[in-house]
Amino acid sequence: MNNHSETESSGHNSVQGGSDNIPGWTEELELAFSAYKGPYLAGRVSSRHKTVCEILVPGAVVQAGISGALQKIGKQPVVGDFVVLLDQPETGSRMIVNILPRKTCLSRGAVGDGGGEQVIAANLDTIFIVTSVGKDLNLRRLERYLAIVYSSGARPVILLNKTDLEGNPARLVEKIQSIAGNVPVVPLSALSKTGLEALIPFLNPGETVALIGSSGVGKSTLINSLLGETVQRTGGIREDDEKGRHTTTVRQLFLLPNGAVLIDNPGIREIQLGDSAEGLEKTFSEIVDAARNCKFKDCTHRDEPGCAVLQAVEEGLIPEERLASYHRLTDELAFQSRKSEIGLKRLEKERFKKIAVDIKKYKKSTGKL
Ligand SMILES: Nc1nc2c(ncn2[C@@H]2O[C@H](COP(=O)(O)OP(=O)(O)OP(=O)(O)O)[C@@H](O)[C@H]2O)c(=O)[nH]1
Ligand SMILES: [Mg+2]
Ligand SMILES: [Zn+2]
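Heads up, the sequence shown is in the working numbering, so the first residue is 210 and it goes up one at a time.
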């Protein structure tokens with residue numbers, strides 16, 4: 210079922226039933242929302258545009274703006290957020306006045322200066338990391354995705370799509386599994402609808418699943434196949450490099466008939482680690498395990514004597530590329546946190562400069578200078 214076919218933005222008598230009709234609603238949310246007395250309504254953001262959000266409220270989809278106060282304190286509602294709406298039937302407007310506590314939160318290091326984080330989506334139970342047979346398949350990129358997903362708090366599942374184009378998908382699954390630890394790796398074909406039944410355990414009523422991955426791997430095709438109707442446009446693939454054409458441009462939430470929620474995302478061009486230190490540890494758990502036996506507590510596993518990780522590599526227990534990837538990603542993380550620290554310091558400096566100027570002005574005005 211596509212909620213957007215029922216978009217309804219003016220009628221105020223359309224809201225039916227309690228908040229527990231909102232997909233993914235929980236008792237914790239009920240408790241948080243109970244603090245709001247008066248003309249308030251709870252809802253869930255199903256898509257976000259520049260200034261307006263589409264919101265699932267019980268029995269309808271409505272549009273709402275974002276309150277100035279919320280914007281002022283830098284709180285941005287994202288797809289998947291549970292929000293509090295101020296309902297004003299007299300003016301016919303609805304406004305998001307608060308965001309209820311997020312259970313999980315997928316973010317990436319922002320592109321550009323400052324190293325700030327950008328929240329992509331909220332309240333996800335599971336994230337399908339979608340890749341496809343052919344040129345998109347890249348173990349190093351999958352490791353990066355895993356780190357980000359782990360640090361979001363959601364459960365990662367890797368989907369290997371387009372198996373109809375591959376003679377020996379089992380070989381590829383094995384390859385992916387070698388870097389995925391306990392994370393399930395599911396081979397399927399979204400287009401020919403094979404292997405989809407393996408996803409059922411992750412699509413439970415009230416649970417939210419987001420699909421991420423490069424452009425063209427088949428995220429929207431899979432959404433269409435799971436919903437059994439064409440709700441999303443899908444795009445072709447460039448022949449030379451097999452890259453997609455960024456067909457999906459808006460992040461959007463869809464409802465499965467059983468009450469599970471799916472979120473389709475635009476293809477990710479480049480994903481930065483953000484604040485994923487914990488995610489890295491989980492992604493490279495075999496390295497973290499081995500490191501317990503390193504001679505030095507602060508061993509960097511590069512050239513120290515008594516390094517248990519290097520020894521495990523030497524013995525063939527840990528692949529060399531795995532350690533190299535771990536080094537690359539931890540270096541990147543260190544670089545990013547330094548960068549954001551520098552950004553913070555600069556902010557602090559500017560703040561103090563301003564305070565100093567203000568004091569000077571004050572002293573001048575009171576004649577103490
Ligand atoms: N052979 C084959 N082609 C597929 C499969 N799934 C998707 N495709 C094709 O791959 C192309 C891209 O599919 P999309 O679903 O648009 O990919 P996407 O991941 O949503 O891409 P963006 O929206 O750009 O991020 C389309 O031509 C699909 O028909 C599959 O299982 N097998
Ligand atoms: Mg798409
Ligand atoms: Zn070591």
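From the three backbone atoms N, C-alpha and C, an ideal C-beta is built for every residue, glycine too.
Asked, Found
"Three-state secondary structure (DSSP) of Asn433", "helix"
"Val566 burial status per 10 Å Cβ neighbour count (16 or more: buried)", "exposed"
"Buried versus exposed, by CB contacts within 10 Å (16 or more), Pro248", "exposed"
"Nearest candidate by alpha-carbon position, reference Ile367, set Pro528, Thr492 and Lys562", "Thr492"
"Contact set, ligand 3 heavy atom to C-beta under 6 Å", "Ala500, Cys503, Cys508, His510, Glu513, Cys516, Ala517 and Val518"
"Contact under 8 Å by Cβ, Asp334 with Val254", "no"
"Option nearest Arg311 by Cα separation, candidates Gly301, Gln441, Gln285 and Ser534", "Gln285"
"Cβ neighbours of Ala331 in the same chain (closer than 6 Å, five flanking residues each side left out)", "Val287, Gly289, Asp290, Arg311 and Cys314"
"Environment of Val320 [buried if 16+ CB atoms lie within 10 Å]", "Residue placement at Val320 cannot be trusted, given a pLDDT of 46 that sits under 50; what the coordinates show is reported in the next sentence. Classification of Val320: exposed, given that the 10 Å Cβ count is below 16."
"Cβ-based neighbour list, Leu369, same chain, cut-off 8 Å, excluding 5 preceding and 5 following", "Thr340, Ser341, Val342, Leu346, Pro378, Leu381, Val382, Ile385, Val394, Val395, Pro396 and Leu397"
"Beta carbon of Leu489 nearer than 8 Å to that of Ala356", "yes"
"Three-state secondary structure (DSSP) of Asn474", "coil"
"Asp584 - DSSP class collapsed to helix/strand/coil", "It is not possible to answer for residue 584, since the shown part of the chain is limited to 210 through 578."
"Integer Cβ distance of Ile421 from Ile336, believed to fall under 8 Å", "6 Å"
"Asp164 beta carbon near ligand 2 (any heavy atom closer than 7 Å)", "Nothing about residue 164 can be read from this structure; the chain reaches only from 210 to 578."
"Range of the contiguous beta strand (DSSP E) that encloses Phe337", "Thr335 to Ser341"
"Cβ contact check for the stretch 517-524 and the stretch 457-465: 3 or more pairs under 8 Å", "no"
"heavy atom of ligand 2 below 7 Å from Gln441 C-beta", "yes"
"Nearest-angstrom Cβ-Cβ length linking Ser434 and Ala399, presumed shorter than 8 Å", "5 Å"
"Selected residue, minimal CA-CA separation from Thr403, among Lys371, Gln272 and Glu530", "Lys371"
"The stretch 520-530 / the stretch 491-505 touching (three or more Cβ pairs under 8 Å)", "yes"
"Cβ-heavy atom distance, Ala419 to ligand 1, below 7 Å", "no"
"Pick from Val270, Leu294, Gly227 and Leu238 that is closest to Leu250, judged by C-alpha positions", "Leu294"
"Exposure of Asp322, with buried meaning 16 or more beta-carbon neighbours within 10 Å", "Low local confidence applies: a pLDDT of 44 at Asp322 is under 50, so the model's placement there is unreliable, with the coordinate-based value given in what follows. The residue is exposed, with fewer than 16 neighbouring Cβ atoms inside 10 Å."
"Residue interval of the alpha helix (DSSP H) (run including Gly277)", "Gly277 to Lys281"
"Gly427, buried or exposed, once every other Cβ within 10 Å from all chains shown has been counted against 16", "buried"
"Pro466 classed as buried or exposed, judged by whether at least 16 other C-beta atoms fall within 10 angstroms", "exposed"
"Cα-Cα separation between Gly252 and Ile264, rounded to whole angstroms", "6 Å"
"Exposure label - Glu406; buried when at least 16 CB within 10 Å", "exposed"
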